[in-house]
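Protein chains in written order, with numbering that gives the first Met the number 0: chain G, 0 to 332; chain A, 0 to 502; chain W, 0 to 350.
Note that beta-carbon positions come from the ideal geometry of N, C-alpha and C, so glycine has one too.
First comes the structure, then the notes that go with it.
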Amino acid sequence: MKRILRSTEFYVFLVVVAISIIIQARSGQFFTANNLVDIANAMVVPGLFAIGAYMVLVSGGIDVSFPALASLAVYAATRFLVDIGYEGSILLPFAIVIVLGALLGAFNGLFTTFLVIPTLIITLGTANVFSGIMQGALNSVQISTLPPSMNAFGRANLFVATNPTSGLTSSMPVSFLILVAVAVIIFFVMKFTMFGRGIYAIGGDEASAIRAGFKVKAIKFWLYVVVGVIAALAGLIRTTSMGQMHPTNLLGMEIMVIAAVVLGGVAITGGTGSLTGVMLGTLLIVIVQNSMILVGVPTYWQRFALGTLIIVGTGVSAVQLMRRRTRQRLVSA
Amino acid sequence: MVETVISVRDLSKSFAGVKALDGVNLEIRAGEIHCLAGENGSGKSTLIKVISGVYQPDEGTIELNGTRHDKLTPIEAIRGGVQVIYQDFSIFPNLSVMENLALNHELSQGRKLVNWRRFRTIAKEAIAKINFHVDLDARVGDLSVADKQLVAISRALLHDTKLIIMDEPTTALTNREVEALFRVILDLKSRGIAILFVSHKLGEVFEISERFTIIRNGKLVVTSLPEELDHKKFAHYMTGREVDDVRFEQPETVGEPVLEVEGLGLEGALEDITFTLHAGEVLGITGLLGSGRTELALTLFGLFPTDSGKIRVKGRAVRLGGIRDAIANGIAYVPEDRLTEGLMLERSIADNIVVAELDEFTSPLGMMDSTRRQSEVDRWVADLKIATANAENPVNTLSGGNQQRVVLAKWLATNPDILILNGPTVGVDIGSKSDIHLILQDLARGGMGIIVISDDIPELLQTCRRILILDEGRVTAEVDPDTTTEQELSDLITGAITAGVGV
Amino acid sequence: MESTTLLSRPLALARRDPYVARLFVILVTLVAFFLIVRTDNFLSFGTWQSMGVQFPEFGLMALGVMITMITGGIDLSVVGIANMTSIAAASIMLSMVPPDASGGQATVGILVAVAVSLVTGALAGAFNGFLVSVVKIPAILVTLGTLELFTGIAIIITAGKPLSGLPALYGQTFGARLFGVVPVPLLIFVVVAIAMGVVMHKMSFGSKLYMLGTNATAARFSGLHSARLLIQTYTISGVCAAIAGLVLLANYNSAKADYGVAYTLLTVLIVVLGGVDPNGGKGKLLGVVLAIVILQILSSGLNMFPAISNFYRPLIYGGVLLVVISISEGKGRFWKRLNTRKKTKEEVVVS
């Protein structure tokens, strides 16, 4: 119990509850079926990205290349499928995107494995390379007609929720299941496999991890491959749900995603953080972005709110850390 | 016949043409406590790494449990029962005790999945081996240094361990913790596990080892029994020089008080500390780790705000709200941990010398007077005999002793009235050590008030005019070095514990 | 640039700083390549003119990022500051200088706008510095947050729309050419770069920054006022960003919350390419200036090849970054090994 009270996750949860209640009290529209479904829907893509960003942060790195990676993988796949006039099932697009995501992730992995340079710098480089390949070599343009199966997947619903008062409807996309599945799998991987514990161990102390017998290079490499696959999946989902391939739609999302992960209690220095916290952090940001309009705050306050949230959230934990250090009379800066 | 765990013969290892090990022989018998001593850079750590399979030797053989290895790999070393406990303990501060204990074992078993129940069983088994009581779910980062070490030791015992190599294991421990560690070591020995205890402290070699080996410049100097060792011989073996430690002549009279401390208190660390430091004297302060000696130094340097008491500098009451206040009042502090608190290692020697007095030769517009900077640098390099061809070289190209001179130069350049040194010769070779002692005497003669905080008993007796003993944050005794022997001082320090613990 | 009179200097430099020397070689090679392959285009006055107008935008921001990175931090908020301050300047100009305003009125309005923009930039930077040094939030998170915050403020002020209709005098001033050759933005960049060189290499402040970036604890133990130094550093970065914002304002002849979005990462890329160590304490102004010029020449040079679209630019930037860090990493290991060897030698001698 004490541990729960001390955890960041608990406080993020409280903030989420508090904000929900405030919005509900002011608008009466928060806890309506369609709003909740809208939020769940809006969680899918940032949620998937956040899972990947969380894994990298835990390993002690930081990845800013995932939106570019996802865009390139999905653009290449879509371009290819549209050009050959593909009309088959959704499985092939998924397969291609997963393979491309893995390959691009491996590209990240190779650099981060062999260079002892901050991963921020490396992924900054690869992000530019990815978007350059997409925009330059592939000469990317908007693709407004997707293969039919991709379109169908984007429109497929689990159920439709209706707001009894306003009559507005929102539908829960099938892709939400992918978020749930990925979250469950990664939760299992991080908690119950030596690979996952290895990621935590590397983030805690890389030299110790090597001495303990973890294959640190292999773990890092495969970590970026997995993250590449997850990012590519997110990209495919965004494309199918929009019903068109908009090459630059995802670019720039990395800041919001990293903010969500950090707010969820994942330390930027590596080694600590949980998937629960990551999901709560993402939820918090999605609520702020989606529901502020319900209380009459214009949408152009969103980024201001996001910035405030990041500063206050990280500020609180920084001050806590400082207090603890002062109590222990630790003198190093 | 006693069984031999490991024996190495004619071991040589070079790095880029420099011989780190040169024809070294070493034999460790089952159940023996063997001390390996040497100065920094003598080749100790290279030898450990060769024995544990991290480095492959260029020449020579390693025989582990009777099997000859030309190329020993880390895995073979571990399978052969060799475990190394490094100074940083190779732990994961972010993970639980349980996980820290079980991960290595599970990895060596080649497991891919985590069974938390088995983790707990393994962890329980590990701590039971040395009767170590700890919350298995605690984060290792929150444990004390001693507990972290015990985690590392219990983890090492999970394998079929025949030899545990401990790299300077007492470095960050309090005396009480050292005693506890020695009990653990003796217990391991009684179970037939050999210990290779790496150290550069004579006291430890005496107290714990059954045999010792000293290496210098990559060569074996001697392997012998501690009974045949004394302070002088030890220093000679370690450095290859004859060192005589005469006591410095202390002045008959000293000057005005430069620092008066009255009833100083700091919650949880210091209580009612009162003493006076005069111009021209070297005052020693000693006590066990955790006695408050470092806290006292840092408080006088403005790092911790005091709860109670008065501090007067040259008769003037001062409030030390920060390091800058302390410096403004003429107080300088040479820290215990030179590498993290004293030096900017990658910056030049010159930069490190002038950093504290930069404002002195800065014009009102903020411009730096490079001519004055250069003359300051030249002056200190010459005055303190800092061995460098070019003061623009990074300070990390210097040896420990020369690095310490740079730290001293930095503070002397600010022209302080009070110089506080915490562990002034830790990690400094013996030659530089006596030079630094000479410098301190000169400074005192020049009218500076000097406080030497140290746990090096010969050093205290040699250099100080008076010695204060701290225990649990209080001054428990004042000693006149002229009438005190090493043994008496040591008893006073450790005797102080029993008095303190007896409550 | 590559005249023989300057040859002795680079040679001396090469010995002192191989990294900067390598950048210099890359620059000379690039210039030579474009000169040979596209002689006419490359020698044309227009090419150099447009380069001189373009790179100061991100070049000025990069100078700010550089100085924060030397302290071991980073500033991701420069684009946010640039847009926020240029919007502030534009708003003031729009309100103080009506379309029928006299020349004097316009001058006063522009001066006030410029002053407000610089002060706003300084305050925004000081806010970053406060959060980094006093609240002690990691710089990357602080400036990630304030990037959103400042951009958010810019959006709120403008409701996301561009502000245009600036007094003509403003555009004329920035469009002017010193001696008919040097565009004003380039002049501004050169002045700021020289000022930065003085700050970093001639003033005690710069020396202290390198100390702080190398080892913050030891710097504090040496009596350096680290909180004040950091606040000053980020303030300088904020002012650089505000100046960049003024250049942006002139180049677009309007202000908008999302101009120059790609510059956030581009500036970091430039600074790292220029040889500044992201962990702090190492890096030279000259390296960063060379990196800025290299990237601009690369991108302008490629513009002369119609077959290569502009969209290749990120690919090339990213590729150059990866190649350079891979090479210097290899070299870095080499140097490190050499250094440790030296060290063991010396220790052996002493003991």
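Original post:
Distance, Cα to Cα, I109 of chain W vs L93 of chain W?
Top reply: When rounded, the distance between both Cα atoms is 10 Å.
Original post:
For the alpha helix (DSSP H) that contains L284 of chain W, what are its first and last residues?
Top reply: Here the alpha helix (DSSP H) through L284 of chain W covers L284 to N302.
**OP:** Locate the alpha helix (DSSP H) running through F33 of chain W, then write down its first and last residues.
**Re:** Where F33 of chain W is concerned, the enclosing alpha helix (DSSP H) stretches over P17 to V36.
Original post:
Excluding the five sequence neighbours on either side, which residues of its own chain have a C-beta within less than 6 Å of the C-beta of L63 of chain A, listed in chain order?
Top reply: Cβ neighbours of L63 of chain A beyond the five flanking positions: I5 and G79.
Subject >> Host beta strand (DSSP E) of G59 of chain A (start-end) >> reply: Unbroken beta strand (DSSP E) run through G59 of chain A: E58 to L63.
**OP:** Select from the segment 178-199 of chain G all residues with a C-beta closer than 8 Å to any C-beta belonging to chain A, and list them in chain order.
**Re:** Of all residues in the segment 178-199 of chain G, those with a C-beta nearer than 8 Å to a C-beta of chain A are K190, F191, T192, M193, F194, G195, R196 and Y199, reading in chain order.
Subject >> T120 of chain A, buried or exposed, once every other Cβ within 10 Å from all chains shown has been counted against 16 >> reply: Under this definition T120 of chain A is an exposed residue.
Subject >> Where D271 of chain A sits in the DSSP three-state scheme >> reply: DSSP places D271 of chain A in strand when its eight states are reduced to three.
**OP:** Note the first and the last residue of the continuous beta strand (DSSP E) segment covering K12 of chain A.
**Re:** The continuous beta strand (DSSP E) containing K12 of chain A extends over residues T3 to F14.
**OP:** Please state whether DSSP places N389 of chain A in a helix, a strand or coil.
**Re:** Three-state result, N389 of chain A: coil.
**OP:** Tell me whether the beta-carbon of G234 of chain G lies closer than 8 Å to the beta-carbon of V73 of chain G.
**Re:** Contact annotation: G234 of chain G and V73 of chain G have beta-carbon atoms nearer than 8 Å.
Subject >> Local conformation of F9 of chain G per DSSP, three classes >> reply: DSSP places F9 of chain G in helix when its eight states are reduced to three.
Original post:
Which residue comes first and which comes last in the alpha helix (DSSP H) that contains M171 of chain G?
Top reply: No alpha helix (DSSP H) holds M171 of chain G; the beta strand (DSSP E) holding it covers T168 to P172.
**OP:** Could you check which residue in A:D306, A:Q148 and A:R464 has the C-alpha nearest to that of E251 of chain A?
**Re:** Of the candidates A:D306, A:Q148 and A:R464, the one whose C-alpha sits nearest the C-alpha of E251 of chain A is A:R464.
Original post:
Count the other CB atoms within 10 Å of the CB of S350 of chain W; is the residue buried (16 or more) or exposed (fewer)?
Top reply: Caution applies to S350 of chain W, whose pLDDT of 27 falls short of 50 and renders its modelled position unreliable; the value that the coordinates give is listed next. Classification of S350 of chain W: buried, given that the 10 Å Cβ count is 16 or more.
Original post:
When DSSP builds the beta bridges, which residues end up paired with F211 of chain A?
Top reply: Looking at the DSSP assignment, F211 of chain A forms a beta bridge with A:C34 and A:S223.
Subject >> Enclosing alpha helix (DSSP H) for V96 of chain G [first to last residue] >> reply: Here the alpha helix (DSSP H) through V96 of chain G covers L90 to F113.
Subject >> Under 7 Å from the C-beta of R322 of chain G: neighbouring residues of chain A >> reply: Simply none; closest approach about 15 Å.
Original post:
So which residues on chain G does A61 of chain W lean against when the C-beta distance must stay under 9 Å?
Top reply: Neighbours of A61 of chain W on chain G: none; closest Cβ ~13 Å, over 9 Å.
Original post:
Does the count of Cβ pairs from the segment 159-176 of chain A and the segment 119-138 of chain A closer than 8 Å reach three?
Top reply: Under the Cβ criterion (8 Å, minimum of three pairs), the segment 159-176 of chain A does not count as touching the segment 119-138 of chain A.
Original post:
Among residues of its own chain, excluding the 5 on either side of L56 of chain G, which ones have a beta-carbon nearer than 7 Å to its beta-carbon?
Top reply: For L56 of chain G, where only same-chain residues beyond five positions count, the Cβ hits under 7 Å are V260, V265, I267, G269 and G272.
Original post:
Q301 of chain G: buried (16+ other C-beta within 10 angstroms of its C-beta) or exposed?
Top reply: So Q301 of chain G counts as buried.
Original post:
To the nearest angstrom, how far is it from the Cα of L114 of chain G to the Cα of N107 of chain G?
Top reply: Between L114 of chain G and N107 of chain G, the C-alpha separation is close to 11 Å.
Subject >> I132 of chain G vs L71 of chain G beta-carbon contact at 8 Å >> reply: With respect to L71 of chain G, I132 of chain G sits close: the two C-beta atoms are nearer than 8 Å.
**OP:** For F213 of chain G, return the contacting residues in chain A, with the cut-off set at a CB-CB distance below 9 Å.
**Re:** By Cβ distance, chain A contributes L102 and L106.
Original post:
Excluding the five sequence neighbours on either side, which residues of its own chain have a C-beta within less than 6 Å of the C-beta of N328 of chain A, listed in chain order?
Top reply: In its chain, beyond the 5 residues on either side, V312 and V317 have a beta carbon closer than 6 Å to the beta carbon of N328 of chain A.
Original post:
So with Cβ pairs under 8 Å, would you call V197 of chain A a contact of chain G?
Top reply: Interface with chain G (8 Å Cβ-Cβ cutoff): V197 of chain A is excluded.
Subject >> In DSSP terms, what R175 of chain A is bridged to >> reply: Residue pairing from DSSP leaves R175 of chain A without any beta-bridge partner.
Original post:
Taking the continuous alpha helix (DSSP H) assigned at H132 of chain A, which residues delimit it?
Top reply: DSSP places H132 of chain A outside any alpha helix (DSSP H), giving it a letter other than H or E.
Original post:
Can you list the residues of chain W that A17 of chain G reaches, using a CB-CB cut of under 9 Å?
Top reply: Within chain W, no C-beta atom comes less than 9 Å from the C-beta of A17 of chain G; the nearest is roughly 20 Å away.
**OP:** Give, in chain order, every unbroken run of the beta strand (DSSP E) that is at least 3 residues long and sits entirely within the segment 301-380 of chain A.
**Re:** You should have 307-312, 315-317 and 330-333.
Subject >> Nearest-angstrom Cα separation, counted from D62 of chain G out to G120 of chain W >> reply: Straight-line spacing of the CA atoms in G120 of chain W and D62 of chain G works out to 29 Å.
**OP:** Name the residue from W:V180, W:L229, W:V292 and W:Y316 whose alpha carbon lies nearest to the alpha carbon of L22 of chain W.
**Re:** Nearest option by C-alpha distance: W:V292.
Original post:
For the beta strand (DSSP E) that M165 of chain A lies in, which residues bound it at each end?
Top reply: From DSSP, the beta strand (DSSP E) with M165 of chain A extends over L162 to D166.
Original post:
Taking a cut of 8 Å between CB atoms, which residues from the segment 134-159 of chain W lie near chain G?
Top reply: Listed by position along the chain: V134, K135, I136, P137, I139, L140, V141, L143, G144, T145, L146, E147, L148, F149, T150, G151, I152, I154, I155, A158 and G159.
Subject >> Nearest neighbour of L119 of chain G, chosen from W:V267, W:I242, W:A153 and W:G274 [CA to CA] >> reply: Checked all of W:V267, W:I242, W:A153 and W:G274; the closest Cα to L119 of chain G is W:V267.
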